[in-house]
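Student: Would you mind keeping the following structure in view while I ask a few things?
Protein chains: 2
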Amino acid sequence: MSLDAVLARIDTDLPQATERLLDLLRIPSISTDPAYKADCDKAADWLVRDLQSLGVEASKRPTPGHPMVVGHSGGEGRHMIFYGHYDVQPVDPLDLWDSGPFEPAIEETAKGTVIRGRGSSDDKGQLMTFVEACRAWKAVHGALPGNISFFFEGEEESGSPSLVPFMKENADELRADVALICDTGLFDSRVPAIVTSLRGLLGEELTIEGPDKDLHSGFFGGVAMNPARVLSRIIASLHDADGNVTVPGFYDGVAEISDEQRAQWQALEFDHDAFLGEVGLSELAGEQGRTALELMWSRPTCEVNGMISGYTGDGFKTVLPSKASAKISFRLVPGQDPFKIRESFRAMVHELLPVDCTVVFDNHGASPGIAMSTDNEAFDLARAALSDEWSDPAAYVGCGGSIPIAGHFKSILDTDAMLIGFGKDDDQIHSPNEKYDLESFHKGMRSWARILDRLAG
Amino acid sequence: MSLDAVLARIDTDLPQATERLLDLLRIPSISTDPAYKADCDKAADWLVRDLQSLGVEASKRPTPGHPMVVGHSGGEGRHMIFYGHYDVQPVDPLDLWDSGPFEPAIEETAKGTVIRGRGSSDDKGQLMTFVEACRAWKAVHGALPGNISFFFEGEEESGSPSLVPFMKENADELRADVALICDTGLFDSRVPAIVTSLRGLLGEELTIEGPDKDLHSGFFGGVAMNPARVLSRIIASLHDADGNVTVPGFYDGVAEISDEQRAQWQALEFDHDAFLGEVGLSELAGEQGRTALELMWSRPTCEVNGMISGYTGDGFKTVLPSKASAKISFRLVPGQDPFKIRESFRAMVHELLPVDCTVVFDNHGASPGIAMSTDNEAFDLARAALSDEWSDPAAYVGCGGSIPIAGHFKSILDTDAMLIGFGKDDDQIHSPNEKYDLESFHKGMRSWARILDRLAG
């Protein structure tokens, strides 16, 4: 009965919960860009105040970067720590947004009602599903269930430089029986998912420098080394014709998935044509002979995230650029050593450098892929709770993205982490016109209420 | 005696001439960027007024783009038409300028006095050497020598879209006995040069489009086609390991230089180590087994002038970009057909496109390489006049840059063109901190006075 009252409260409070989320979405907390430092701080303050309104002992905790928000409900029973992040991705190209990225709004679309705006899905909307479930619980019962801690980060989209030091310094405070992380998606609109493996991320930026100034291509073209050509050759060398990454030792330690795993993923009947069609594509572009789920969940990758050189404005400028740079990310699976791969990648680049060119590397983070242990009974309890809320039973799945926090909970705090989220493939996170389905928000809150009901007992 | 008086007048008027040039340099007439349209117009007006002050019948002549300035002195004798351009290159990267590009100033440097600012060398400073020589002549003689026409363009740095139509429409007005073009350099600080061959320019911009929006590289990396990788592979394919351009048919019609030509260029004792050292390089990067002068003056090239894709701001963004684009220029030598090469380049790009990618091309001009005939006696007269002014005899040389106007004078007006200029290799034209040596400006004016003296007779 008590769970039903909480679910009913969530249903009636949905308009107010939505308004609160819009309020949070209006804060442009872009962590990677120093221009938005004050906004990150503002988002943290907003969350501290909101947790305090739930009776949670919450505070903003300084780091060398953006602050953490930590809160504790106190209480008895299983100690659960909930993690989400309040920072968001940059918004460019801004001209591809149909409305202001930080002017969030509820929109009716052909596919249903959505909450539009940067961070609506990644991760403010997801974070608030849990906070709102707690609010409803508190409204009905006067207190939160069990013993809940809150842990919100503001640097997830910029490599989390302060996360590990903070977790190490505050290990006793953050250790719990189970960690709950809401930064992933549904398998599809009917099937909720608990992620049991995640890819890691190695972020590298390289700048090739040649002539000590931009030159006139009429005089120096065909005589002087062109860094844009050198960079292109390096990028083109990172894959072979079959889509395999050519960095030496890249696949060391990468295991093939088990037949059982393969069968389980096949049973999900993932529609890869629809998945690709959604973004205007028709064919899988990665390693040959693998399914989309295998590629996304179990195979490592190398991608160019950005590159620039020379004149890129309107019109034409016959400059021979003095430098060229690219941002390159590697998605890693369990078994790969991010630091060895960084070393091997950099050695490969040096190997490809012609005379008169030098390279400067910037480090944008290195985290390994991780696989969860599902032995903790919380996994089966949460799976059952999710299955109650959604039309189809919940699935254990992999995730192509990188959420290093899950690995840190295990390695630093010896705390098992469950990744449960309600995002959809078409949420356009990291892209213009990001949205979060109102249904994801609503059923997400209800899902957490059900999970808390099972776990807090 | 009369020439000596003109030269003396140039010497005493140098400070005033310099002030007039600084005034013109303050106008940011960047032709390629629509934001500076009014400034291009302003520069044209400035020149019309200045020519009128010399008693020249001058006017601004509209085109679909930036206006032309045309003027006629009238008078008897050899009809000479002088060409220069009043538009300038863009200034980015702006942060590499030590002072404002359009706040020109006289600076003392270790290598002598320079006029600093965008356009000081390319081409406002050079253009004004001729105008100032005329001004001195007029001050001494009360009229300009011979029969001089002036023809100033405002679209030279943006592909000259209006030039050919304008020349065709006004052919009778612009036809002359000889054209004088001041947009090239000295061979070195002692040896003045008359350019007898120029490379042409084919400008191409290509945009590779893949997914219909930017994607999250965690989910789509290794699954979806990445246009930045496709573009890199295309650019890397444009040259073989020996630096030869691989576009099919690219070298069709390219002739080896004659032994006589090679000997003449060898005699110039070009110091390619110093030339490369000047820009921080040590080795020739183009086709193997050729000298720097051969590469610059007689060989065609393909260079990347700019490229961009994905996130290029501060920090890191794990986006899989939906498109990638590059600006690519080909420098062409006599015998190559720019239109055939454009067609072959585009076909090659289509050939390299994977499934799910499309390409859009933009055309940024196509002009062939040209070789002058030195049979016109004006060439030898000018060479002798230059040899009088400078410490060493003038040389007939090639030029790696593209000054299509020289070819247009011949093909449209049947008028031979002489390219005489006073720029230096270290002028940093098209780059930050462009400068023009005060000596180039001063001796440039004196050179034109001597050339006019010989040609007007």
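Residue numbers (my numbering), protein chains in the order written: chain A, 4 to 460; chain B, 4 to 460. Beta carbons are placed, not taken as given, at the ideal position from N, Cα and C, and that holds for glycine. Nothing here was measured: the structure is a model prediction, and the numbers come from that model.
#1: Residue ranges of each beta strand (DSSP E) run of no fewer than 3 residues wholly in the stretch 140–210 of chain A, ordered along the chain?
#2: Is residue 146(A) closer than 8 Å to residue 78(A) when the C-beta atoms are compared?
#3: Are the beta-carbon atoms belonging to residue 195(B) and residue 257(B) less than 8 Å from one another?
#4: What is the DSSP secondary structure of residue 82(A), counted as helix, strand or coil?
#5: Taking the alpha-carbon positions, what's the residue 4(B) to residue 142(B) distance?
#6: So what's residue 328(B) in DSSP terms, helix, strand or just coil?
#7: List, in order along the chain, the chain B residues whose C-beta lies closer than 9 Å to that of residue 358(A)?
#8: Applying the criterion that 16 or more other CB atoms from any shown protein chain within 10 Å of the CB defines a buried residue, is residue 342(B) buried or exposed?
#9: Taking the beta carbon of residue 378(B) as the centre, do at least 16 other beta carbons fall within 10 Å, making it buried, or is it exposed?
#10: Starting from the beta carbon of residue 219(B), find every residue of chain A whose beta carbon is closer than 8 Å, and list them in chain order.
#11: Output the distance between the C-alpha atoms of residue 3(A) and residue 346(A), rounded to the nearest integer angstrom.
#12: For residue 2(A), return the contacting residues in chain B, with the cut-off set at a CB-CB distance below 7 Å.
#13: Would residue 4(A) count as contacting chain B if we go by Cβ distances under 8 Å?
#14: With 8 Å set as the bound, which would you pick, yes or no: does the beta-carbon of residue 330(A) sit closer than that to a beta-carbon of chain B?
#15: When you compare the CB positions of residue 198(A) and residue 422(A), do they come within less than 8 Å of one another, or not?
#16: Would you check if the stretch 102–117 of chain B and the stretch 23–35 of chain B touch, i.e. whether three or more CB-CB distances between them fall below 8 Å?
#17: In chain B, which residues lie less than 8 Å from residue 313(A) when you measure between Cβ atoms?
#18: Cα separation between residue 384(A) and residue 397(A)?
#19: By a C-beta neighbour count over all protein chains shown, 10 Å radius and 16 as the cutoff for buried, is residue 171(B) buried or exposed?
#20: Under the three-state reduction of DSSP, which class applies to residue 69(A): helix, strand or coil?
#21: Looking at chain A, is there any beta carbon in it that lies within less than 8 Å of the beta carbon of residue 236(B)?
#22: Just the chain A side, please: which residues come within less than 8 Å of residue 304(B) by C-beta, in chain order?
#23: Does residue 186(A) come within less than 8 Å of chain B when only Cβ atoms are used?
#24: Is residue 317(A) close to chain B? Criterion is C-beta to C-beta, closer than 8 Å.
#25: Given that a residue counts as buried once 16 or more other Cβ atoms are within 10 Å of its Cβ, and exposed if not, what is residue 98(A)?
#26: Specify the secondary structure class of residue 272(B) as computed by DSSP and reduced to three states.
#27: Below 8 Å, can you find three or more Cβ-Cβ pairs linking the stretch 275–290 of chain A to the stretch 241–250 of chain A?
#28: Could you check what DSSP says for residue 90(A) in three-state terms: helix, strand or coil?
#29: Let me see if you follow: with CB-CB separation under 8 Å, is residue 19(A) close to chain B or not?
#30: Compute the beta-carbon to beta-carbon distance between residue 449(B) and residue 10(B), rounded to the nearest angstrom, for a pair I have assumed lies under 8 Å.
#31: For residue 126(B), which residues of its own chain have a beta-carbon under 6 Å away from its beta-carbon, when the five flanking residues on both sides are left out?
#32: List the residues of chain B whose Cβ lies closer than 7 Å to the Cβ of residue 228(A), in chain order.
#33: Please report whether the beta-carbon of residue 26(A) lies at a distance below 8 Å from any beta-carbon of chain B.
#34: Any beta-carbon of chain A closer than 8 Å to the one on residue 352(B)?
#35: From what residue to what residue does the beta strand (DSSP E) around residue 422(B) run?
#36: Going along chain A, which residues have a C-beta under 7 Å from residue 92(B)?
Tutor: So, from the data block:
#1: 150–156, 181–184 and 196–201
#2: yes
#3: no
#4: strand
#5: Summary for residue 4(B): the model assigns pLDDT 49, below 50, so the residue's position carries little reliability; its value from the coordinates is reported in the next sentence. Their Cα atoms are separated by approximately 15 Å.
#6: strand
#7: 284, 285, 286 and 288
#8: exposed
#9: exposed
#10: 404, 432, 433 and 434
#11: Only positions 4 to 460 of chain A appear in this structure, which leaves residue 3(A) out of reach.
#12: Residue 2(A) cannot be examined here, being either before or after the span of chain A that is shown, 4 to 460.
#13: Note on residue 4(A): pLDDT 49, under 50, position unreliable in the model; the coordinate value appears next. By this cut-off, residue 4(A) is not an interface position.
#14: yes
#15: yes
#16: yes
#17: 307, 308, 309, 310 and 330
#18: 11 Å
#19: exposed
#20: coil
#21: yes
#22: 220, 224 and 225
#23: no
#24: yes
#25: exposed
#26: coil
#27: yes
#28: coil
#29: no
#30: 5 Å
#31: 87, 88 and 186
#32: 284 and 288
#33: no
#34: no
#35: 420–423
#36: 320
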